Amino acid sequence: MAIVELRFSALPEHVRTARLVASAVARKAGVDEQLLDEVRLAVGEACSRAVALHQRGGVDTPVRVELEESEKRFSIEVGDAVPSQAAVAAGDGGAAAEEDEDTGEMGLAVISGLVDDVEIVGGDGGGTIRMSWPLVGAPVR
Amino acid sequence: MAIVELRFSALPEHVRTARLVASAVARKAGVDEQLLDEVRLAVGEACSRAVALHQRGGVDTPVRVELEESEKRFSIEVGDAVPSQAAVAAGDGGAAAEEDEDTGEMGLAVISGLVDDVEIVGGDGGGTIRMSWPLVGAPVR
Amino acid sequence: MDLSLSTRTVGDRTVVEVGGEIDVYTAPKLRECLVELVNEGNYHLVVDMEGVDFLDSTGLGVLVGGLKRVRAHEGSLRLVCNQERILKIFRITGLTKVFPIHASVDEAASATD
Amino acid sequence: MDLSLSTRTVGDRTVVEVGGEIDVYTAPKLRECLVELVNEGNYHLVVDMEGVDFLDSTGLGVLVGGLKRVRAHEGSLRLVCNQERILKIFRITGLTKVFPIHASVDEAASATD
Ligand SMILES: Nc1ncnc2c1ncn2[C@@H]1O[C@H](COP(=O)(O)OP(=O)(O)O)[C@@H](O)[C@H]1O
Ligand SMILES: Nc1ncnc2c1ncn2[C@@H]1O[C@H](COP(=O)(O)OP(=O)(O)O)[C@@H](O)[C@H]1O
């Protein structure tokens with residue numbers, strides 16, 4: 001079971017909230033202080049991407065962030081509700097449509113470059129980005 | 001629709017996360033800076049109470065916090081999953097059982113003393129504390 | 001943001017300086033500290049709340065618990081607090097009538113009423 | 001935590017000092033600022049990132065957009081950044097090869113390569 005779950009309307013302003021929650025919960029769970037910047041950035045990227053997909057796809061269900069803690073690892077799953085076919089279309093179209101950026105691709109590049117354990121899955125119900133980080137054995141402090 | 005929704009396992013450590021989220025989202029929505037302390041405290045009290053009810057009731061579903069924004073008000077709903085009969089029993093028993101506090105009552109006293117608009121409803125599916133605060137008309141600063 | 005506790009002696013009083021957030025998660029540490037002090041025979045306590053950023057009803061409950069404990073030994077528990085937002089919480093819950101609240105540790109340490 | 005922008009002239013360069021968080025929410029403000037500068041005829045920009053606490057790919061996209069714009073006028077866009085955690089993001093995305101990155105505004109303002 002997720003220890004903490006956040007759902008938010010697909011608006012850019014809520015991405016910051018997701019970063020805030022992810023880094024607070026990760027710190028509490030015992031993710032190394034040095035890795036928290038990485039957690040914050042990766043969650044931000046995954047959520048920004050989900051927000052963009054929802055907005056382009058006209059999907060009005062919320063973006064979902066699940067934070068999970070096992071004995072050894074802290075996992076975050078960011079889920080959008082855009083079926084993978086539509087996501088690919090929206091991603092391409094979107095990048096081309098945006099004036100001068102293709103940040104969707106760049107966001108994924110940042111995540112993959114940053115996080116050692118990451119898995120990106122698409123599906124009919126929407127896509128999911130799963131990431132995890134090691135927990136420090138002893139309680140940090 | 002809630003603009004942001006948080007669900008967390010009924011553990012004391014997550015109450016702080018709920019406070020963090022509530023005050024960040026309330027600030028962004030345009031709740032007066034002076035009221036944010038009140039929002040933080042009220043949400044903390046409501047969540048602490050829900051955590052205690054879940055723990056005493058042996059309920060392992062998450063505690064739910066919904067943040068909503070209308071044109072004029074910002075609302076927060078904190079929901080537990082303990083049916084109202086059981087909640088009353090757990091509340092009484094719990095207060096008596098605790099060594100020297102009856103913080104359940106005190107938590108409600110703080111909320112009612114603090115928040116102008118508050119509504120506490122019990123039900124078979126669990127109880128809900130609904131609170132709301134005015135939004136500053138113009139975007140702050 | 002965490003809870004910090006430090007204890008020192010001022011005359012015949014034991015001063016507990018509290019910093020950070022006292023909430024449902026951290027309050028047990030404060031309770032432990034007060035229980036220990038009383039068990040060790042310190043019955044005149046001054047809790048300095050000037051460094052407290054957040055206080056909720058769980059924290060209030062622990063303070064009330066501490067008060068009951070020292071009273072069982074004819075002791076006292078005084079608070080030091082000048083922060084309006086913290087004082088407000090004591091006021092709302094009617095606890096300003098239960099705790100002597102002082103403006104400084106010196107004042108609290110010399111009070112005898 | 002919000003985004004702050006301030007602009008000044010150093011020699012023939014326009015320096016944009018950025019502070020706070022550049023993300024999907026605030027990046028549009030930075031884009032607007034850069035677009036406006038170019039529209040007003042400022043083609044040699046220095047973006048000072050020393051006050052930036054957070055930068056994501058949306059922010060990178062805006063910087064790349066700015067670079068394309070000034071290049072259309074044979075201009076330049078140089079960055080000032082000494083923060084390892086920000087530099088890391090440029091490195092991961094290969095953008096250290098795209099942007100000249102300098103250690104100080106002075107260095108950036110006098111660079112001509
Ligand atoms: N809900 C909370 N309210 C106040 N402080 C908290 C909360 N959660 C964590 N903290 C503080 O954050 C610090 C870091 O947490 P942690 O490393 O788990 O400490 P601890 O080992 O004491 O639990 C702790 O010192 C704790 O006091
Ligand atoms: N997701 C976010 N990322 C970075 N900064 C943010 C975010 N959300 C809000 N802020 C900052 O917090 C400040 C307060 O928000 P707000 O009062 O709504 O400002 P604005 O009117 O500029 O949107 C803003 O200056 C904004 O830059």
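Residue numbers (UniProt numbering), protein chains in the order written: chain A, 1 to 141; chain B, 1 to 141; chain C, 1 to 113; chain D, 1 to 113.
Using N, Cα and C, we set each Cβ at its ideal position, and we do this for glycine too.
Remember, it's a predicted structure, so these values are computed and weren't measured experimentally.
Beta carbon proximity, Leu114 of chain A to chain D, threshold 8 angstroms: yes
Going along chain D in order, which residues have a C-beta closer than 7 angstroms to the C-beta of Glu13 of chain A? Ordered by position in chain D, the residues that pass the 7 angstroms Cβ test against Glu13 of chain A are Tyr25.
Please classify Asp117 of chain B: does DSSP put it in a helix, a strand, or coil? strand
If Ile89 of chain C sits next to Leu60 of chain C, beta carbons under 8 angstroms apart, how far is it from one beta carbon to the other, in whole angstroms? 7 angstroms
Hey, is Arg7 of chain B's beta-carbon within less than 8 angstroms of any beta-carbon in chain A? yes
Which complete alpha helix (DSSP H) runs does the UniProt domain "STAS" (3–112) of chain C hold, if anything under 4 residues is left out? When DSSP assignments are scanned along the UniProt domain "STAS" (3–112) of chain C, the uninterrupted stretches of alpha helix (DSSP H) that are 4 or more residues long and fall wholly within it turn out to be 27–39, 57–71, 84–92 and 105–110.
Nearest to Gln55 of chain B by alpha carbon, out of B:Val4, B:Thr128, B:Ala10 and B:Glu77? B:Ala10
Report the rounded CA-to-CA distance for residue 201 of chain C versus Arg27 of chain A, giving the unit in angstroms. Chain C is shown from 1 up to 113; residue 201 of chain C falls before or after that span and cannot be answered.
So, for residue 196 of chain D: in the same chain, excluding its five sequence neighbours on each side, which residues have a beta-carbon less than 6 angstroms away from its beta-carbon? Because chain D spans 1 through 113 in this model, residue 196 of chain D falls outside it and cannot be assessed.
Which residues bound the alpha helix (DSSP H) around Ser23 of chain B? Val15 to Ala29
In three-state DSSP terms, what is Val82 of chain A? In this structure, Val82 of chain A counts as coil in the three-state DSSP scheme.
Please report the residue range of the beta strand (DSSP E) in which Ser132 of chain A lies. Thr128 to Pro134
Chain C contact for Ala109 of chain B (CB, 8 angstroms cutoff): Yes - at least one Cβ of chain C is within 8 angstroms of the one on Ala109 of chain B.
Spell out whether any CB of chain A is found under 8 angstroms from the CB atom of Gly20 of chain D. no
Who does Arg64 of chain B pair with in a DSSP beta bridge? B:Arg7 and B:Gly79
If the criterion is Cβ atoms closer than 8 angstroms, does the pair Val47 of chain D and Val70 of chain D meet it? no
Within 8 angstroms of chain B by C-beta, residues of the segment 17–48 of chain A in sequence order: Thr17, Leu20, Val21, Ala24, Val25 and Lys28
Roughly how many angstroms separate the alpha carbons of Glu68 of chain A and Tyr43 of chain C, rounded to a whole number? Rounded to whole angstroms, Glu68 of chain A to Tyr43 of chain C spans 45 angstroms at the Cα level.
Grab me the residues of Ile22 of chain D's own chain with a C-beta within less than 8 angstroms of its C-beta, minus the 5 sequence neighbours each way, in chain order. Leu3, Leu30, Val52, Phe54, Leu55, Asp56, Thr58, Gly59 and Val62
8 angstroms Cβ cutoff, Val78 of chain A in contact with chain D: By this cut-off, Val78 of chain A is not an interface position.
Taking 8 angstroms as the CB-CB limit, is Val51 of chain B close to chain C? yes
Taking Ala82 of chain B as the query, report the chain A residues whose CB atoms sit under 7 angstroms from its CB, ordered along the chain. Note on identity: in this sequence residue 82 of chain B is Val, with Ala being the wrong assignment. Within chain A, no residue comes near Val82 of chain B; the closest Cβ sits about 18 angstroms away, beyond 7 angstroms.
Would a C-beta distance cut-off of 8 angstroms place Ser70 of chain B and Gly107 of chain B closer than the cut-off? no
Closest by C-alpha distance to Met131 of chain B, when choosing among B:Glu13, B:Glu38, B:Ser75 and B:Asp60: B:Ser75
Quick check: is the beta carbon of residue 185 of chain D nearer than 8 angstroms to any beta carbon in chain A? Look at the range of chain D in this structure, 1 to 113, and you will see that residue 185 of chain D is not part of it.
How would you call Asp80 of chain A, buried or exposed, if buried means at least 16 neighbouring beta carbons within 10 angstroms? buried
Using only the alpha-carbon positions, how far apart do Arg85 of chain C and Glu105 of chain B sit? 21 angstroms
Which class does Glu69 of chain B belong to by DSSP, given the choice of helix, strand or coil? strand
Going by beta carbon distance, what residues of the same chain come within less than 6 angstroms of Asp124 of chain B, once the five residues before and after it are set aside? Pro83
Could you tell me whether the Cβ atoms of Val31 of chain A and Val39 of chain A are closer together than 8 angstroms? yes
Taking the Cβ atom as the reference point for each residue, do Val65 of chain B and Val43 of chain B lie within a distance shorter than 8 angstroms? yes
Check whether the Cβ atoms of residue 115 of chain D and Leu34 of chain D sit closer than 8 angstroms, and answer yes or no. Outside the displayed span of chain D (1 to 113) sits residue 115 of chain D, for which this structure offers no information.
Just checking my contact of Leu41 of chain B with Val136 of chain B at CB under 8 angstroms: how many whole Å lie between their CB atoms? 20 angstroms between Cβ atoms; not a contact.
Contact list for Ile3 of chain B against chain A, beta-carbon separation under 8 angstroms: Phe8, Ser9, Leu11 and His14
Using the C-alpha atoms, what's the distance from Gln83 of chain C back to Val10 of chain D? 47 angstroms
Out of B:Gly126, B:Glu77 and B:Glu5, which one is the CA nearest neighbour of residue 143 of chain A? Nothing about residue 143 of chain A can be reported from this structure: the residues present for chain A run from 1 to 141 only.
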